[in-house]
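Below is one structure, written out as structure tokens, with a few remarks after it.
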Amino acid sequence: MAGILPRELILEILSWLPVTSLIRFRCVSKTWKFLISDPYLVKLHLERSSRTPQILLLERQRYKSQCFLAGLDSLPCLIQNPAPSSCGRILPCPEPYKYYLFGSCNGLLSLHDSLFTNQYEEHWVCFWNPATKHCSRPSPRLRLKYGGIGFHYDVNFGFGYDDKRNSYKVVAMLLDWNRHQMSVWVYSMGDVRWRRSLMTSLTFLNIDSNGYFLNGTINWIGLSSGEAKCLSYDLNNDTCRCFSVPEFIPENSGFPSMGVLNDCLCVCLDIERTVFVVLALKDVRDEKSWSRLVCVSYQTLIMSPYYYKLRILCMWGDLLLLAYSNWDANNIIITFNLKENKIERTRTYYKKFPNRIFSCNYVPSLILLT
1 MAGILPRELI LEILSWLPVT SLIRFRCVSK TWKFLISDPY LVKLHLERSS
51 RTPQILLLER QRYKSQCFLA GLDSLPCLIQ NPAPSSCGRI LPCPEPYKYY
101 LFGSCNGLLS LHDSLFTNQY EEHWVCFWNP ATKHCSRPSP RLRLKYGGIG
151 FHYDVNFGFG YDDKRNSYKV VAMLLDWNRH QMSVWVYSMG DVRWRRSLMT
201 SLTFLNIDSN GYFLNGTINW IGLSSGEAKC LSYDLNNDTC RCFSVPEFIP
251 ENSGFPSMGV LNDCLCVCLD IERTVFVVLA LKDVRDEKSW SRLVCVSYQT
301 LIMSPYYYKL RILCMWGDLL LLAYSNWDAN NIIITFNLKE NKIERTRTYY
351 KKFPNRIFSC NYVPSLILLT
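Residue numbers (the UniProt record's numbering): 1 to 370.
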């Protein structure tokens with residue numbers, strides 16, 4: 001084929017094929033392997049795959065994590081019957097990273113593991129491409145030494161892509177409770193060490209654990225000086241800023257959670273334990289661009305507002321897939337029709353250990369790991 005069609009046309013054709021097919025074609029010959037590894041094809045394929053992202057559901061149990069992938073073309077199936085056995089694939093996290101999957105970006109998933117002793121704690125990460133079944137080597141270890149009895153850190157991670165430097169990065173946000181200082185450490189894929197990006201006297205208590213990547217920034221939600229805030233770290237210029245969340249008042253609201261829906265940064269919260277609200281930030285660099293995306297009463301949802309955080313897993317047209325855990329640690333998944341303001345389906349999954357279900361966008365890609 002290479003002798004009949006120009007190389008540019010071959011790459012154009014290949015860019016429309018699924019990753020699974022391209023992985024098989026790489027085994028045909030050295031020529032095909034070289035073609036499918038071409039950086040131009042990898043980038044072009046990613047751009048086109050990003051137009052039809054998939055939904056990744058992460059089920060995090062006390063001792064391990066597993067992923068359930070459901071393609072966008074199967075979202076109707078996921079909405080109608082959101083069970084791992086009925087739609088999509090189960091992807092167990094690769095050994096030994098059984099504990100914490102915290103981010104997804106351009107087809108790569110970021111995994112975290114840690115070690116704790118009496119004198120220090122260590123954290124390290126790796127990157128996993130489920131489509132190519134490749135997992136990177138572990139990063140260098142980020143060692144945090146303890147300063148005495150009662151000394152501890154609050155550590156939270158985020159994963160994203162710095163398009164300015166063409167680099168995938170993990171950001172570790174460290175809150176030193178004893179010194180009342182916060183520092184940000186950054187690891188770029190392939191680097192030999194973690195780099196401390198900044199240190200500030202700002203104290204930010206993260207609520208939702210994961211950092212969410214959107215448009216070159218990684219974002220967390222938490223409390224600062226007793227007020228609900230979003231903390232946003234810009235990967236392009238290594239700056240950090242805090243901004244307020246409208247409508248959220250700690251005295252009359254439950255703990256909020258964060259996510260990304262329809263290319264917007266979203267915050268889920270309840271108001272006075274009666275109404276479930278989702279706020280959307282259209283431009284993550286403009287805190288004035290907040291708007292209401294969802295507003296529905298717990299009475300309409302036929303659930304108690306005191307269960308574990310209600311959150312949106314995904315949105316397809318007017319249908320929302322919501323999840324929460326009840327007192328028995330069962331996962332309850334609700335299919336809610338936003339337009340008609342009614343529940344279409346409720347499913348309960350019984351689990352031996354307490355767990356939580358999260359979601360994020362996922363795009364199968366040919367991105368290579370280092």
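Beta carbons: idealized from backbone N, C-alpha and C, even for Gly.
Thinking C-alpha only, which one of Leu14, Lys229, Asp38 is nearest arginine 48?
If you number the sequence shown from 1, residue 48 lands on position 48. Checked all of Leu14, Lys229, Asp38; the closest Cα to arginine 48 is Leu14.
How many Å lie between glutamine 181 and valine 155 at the Cα?
Numbered from its first residue, the sequence shown carries residue 181 at position 181. Numbered from its first residue, the sequence shown carries residue 155 at position 155. Each residue's Cα considered, the two are about 12 Å apart.
Helix, strand or coil at threonine 203 [DSSP, three-state]
If you number the sequence shown from 1, residue 203 lands on position 203. When secondary structure is reduced to three states using DSSP, threonine 203 falls in the coil class, being assigned neither helix nor strand.
Can you tell which of Tyr153, Trp316, Cys135 has the C-alpha that lies nearest to the C-alpha of glutamine 119?
If you number the sequence shown from 1, residue 119 lands on position 119. Of Tyr153, Trp316, Cys135, the residue nearest in Cα terms is Tyr153.
Take the Cβ of asparagine 361 as the centre, count every other Cβ of all protein chains shown within 10 Å, and call the residue buried at 16 or more, exposed below.
Here the question's residue 361 lines up with position 361 in the sequence shown. Under this definition asparagine 361 is a buried residue.
What did DSSP end up calling serine 21 once you bin it into helix, strand or coil?
Counting from one through the sequence shown, the residue named residue 21 turns up at place 21. Here serine 21 sits in helix by DSSP.
CB lysine 229 to CB cysteine 242, shorter than 9 Å?
As a working mapping, residue 229 is identified with position 229 in the sequence shown. As a working mapping, residue 242 is identified with position 242 in the sequence shown. The answer is yes: Cβ separation under 9 Å.
What does the alpha-carbon distance come out to for the pair phenylalanine 157 and threonine 132?
Along the sequence shown, read from residue 1 onward, the residue named residue 157 stands at position 157. Along the sequence shown, read from residue 1 onward, the residue named residue 132 stands at position 132. C-alpha separation (whole angstroms): 24 Å.
Can you list, in chain order, the residues of its chain whose CB lies under 7 Å from that of methionine 315, leaving out five sequence neighbours each side?
If you number the sequence shown from 1, residue 315 lands on position 315. Within the same chain, methionine 315 has close Cβ partners Leu261, Asn262.
Assign tyrosine 212 to one of two classes, buried (16 or more other C-beta atoms within 10 Å of its C-beta) or exposed (fewer than that).
For the purposes of this step, residue 212 is identified with residue 212 of the sequence shown, where counting begins at 1. By the 10 Å Cβ count, tyrosine 212 comes out buried.
In angstroms, rounded to a whole number, what distance separates the CA positions of histidine 45 and valine 184?
If you number the sequence shown from 1, residue 45 lands on position 45. If you number the sequence shown from 1, residue 184 lands on position 184. Cα-Cα distance, rounded: 33 Å.
Could you tell me the alpha carbon to alpha carbon distance between leucine 321 and asparagine 236, rounded to whole angstroms?
As a first step, residue 321 is located in the sequence shown; it is residue number 321 there, counting from the start. As a first step, residue 236 is located in the sequence shown; it is residue number 236 there, counting from the start. Leucine 321 and asparagine 236 have their C-alpha atoms spaced approximately 33 Å apart.
Nearest-angstrom Cα distance between valine 19 and serine 37?
Indexing the sequence shown from 1 puts residue 19 at position 19. Indexing the sequence shown from 1 puts residue 37 at position 37. Cα to Cα, the separation comes out at about 12 Å.
Sub-9 Å separation of leucine 214 and leucine 269 beta-carbons
Counting from one through the sequence shown, the residue named residue 214 turns up at place 214. Counting from one through the sequence shown, the residue named residue 269 turns up at place 269. Between leucine 214 and leucine 269, the CB-CB gap reaches or exceeds 9 Å.
Is there a C-beta anywhere in chain C that falls below 9 Å from the one on tyrosine 212?
Going by chain labels, chain C is absent from the structure shown, which holds only one protein chain.
Taking 7 Å as the limit between beta carbons, can you name the residues of its chain near isoleucine 334, skipping five residues before and five after?
Your numbering for residue 334 matches position 334 in the sequence shown. Here the set comprises Leu301, Leu322, Ile343, Thr346.
For leucine 115, count the other beta carbons within 10 Å of its own beta carbon; 16 or more makes it buried, fewer makes it exposed. Which is it?
Here residue 115 is taken as the residue at index 115 of the sequence shown, counted from 1. Burial call: exposed.
Which class does tyrosine 146 belong to by DSSP, given the choice of helix, strand or coil?
Within the sequence shown, the letter at position 146 stands for residue 146. Three-state DSSP puts tyrosine 146 in coil, outside helix and strand.
Mind reading off the beta-carbon distance from tyrosine 324 to isoleucine 312? Whole number of angstroms is fine, and I expect it under 8 Å.
In the sequence shown, residue 324 corresponds to position 324, counting from 1. In the sequence shown, residue 312 corresponds to position 312, counting from 1. Going by Cβ atoms, the distance from tyrosine 324 to isoleucine 312 rounds to 11 Å, so no, they are not a contact pair.
Just curious, the beta strand (DSSP E) that arginine 311 is in, first and last residue?
Here residue 311 refers to the residue found at position 311 of the sequence shown. Here the beta strand (DSSP E) through arginine 311 covers 311-316.
Could you give the residue range of the alpha helix (DSSP H) that holds glutamate 12?
Residue 12 sits at position 12 when you count from the first residue of the sequence shown. From DSSP, the alpha helix (DSSP H) with glutamate 12 extends over 7-14.
The beta strand (DSSP E) spanning arginine 48 covers which residue range?
As a working note, residue 48 is residue 48 in the sequence shown. No beta strand (DSSP E) contains arginine 48, which is instead part of the alpha helix (DSSP H) from 39-49.
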